[in-house]
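In mature numbering (1 follows the signal peptide of the UniProt record, and there is no 0), the protein residues as written are -24 to -1, 1 to 109.
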């Protein structure tokens, strides 16, 4: 009887140790086949909120933009530090991504992949202005 129980325990342990490997391989294969899908994260910024953070009106923002100032340049002009602008955009994206996750439009892997690239995307956005000379 002890041998039978011992063999059953050994077989159970072996089967349970292969199950996670099989699951991981299945997820990797689904991702490789494109079955998981790719999230295209695109948000529309609220320029009124950006103006509010900068402490300027929409008209002043538009004028600065025409002059070639980036959002960072505008912040510098009104005495805001770069980290305050970055903080606004990080908070904005965090809130947006949480909405996407709650709706099921974004899974954990996609979320962390986007978070990884977010710093560069924010930096590019706040430093660019096609009108810049």
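Note that beta-carbon positions come from the ideal geometry of N, C-alpha and C, so glycine has one too.
_For residue 85 and residue 91, I'd like the C-alpha separation in whole angstroms._
10 Å
* What separation, rounded to the nearest whole angstrom, lies between the Cα atoms of residue 61 and residue 46? -> 12 Å
query: Can you tell me whether DSSP reads residue 28 as helix, strand or coil?
result: helix
Taking a contact to mean a Cβ-Cβ separation below 7 Å, would you say residue 95 touches residue 44 in this structure? no
Point to revise | Proximity of residue 66 and residue 102 at Cβ, strictly below 7 Å | key: no
Original post:
What is the residue span of the alpha helix (DSSP H) that residue 103 lies within?
Top reply: 84 to 103
Do the CB positions of residue 78 and residue 19 come within less than 7 Å of each other? no
- Item | Inter-residue Cα distance where the pair is residue 74 and residue 55 | 31 Å
So residue 23 packs on residue 34, CB below 8 Å; how close in whole Å? 7 Å
Worksheet entry | Inter-residue Cα distance where the pair is residue 106 and residue 93 | 22 Å
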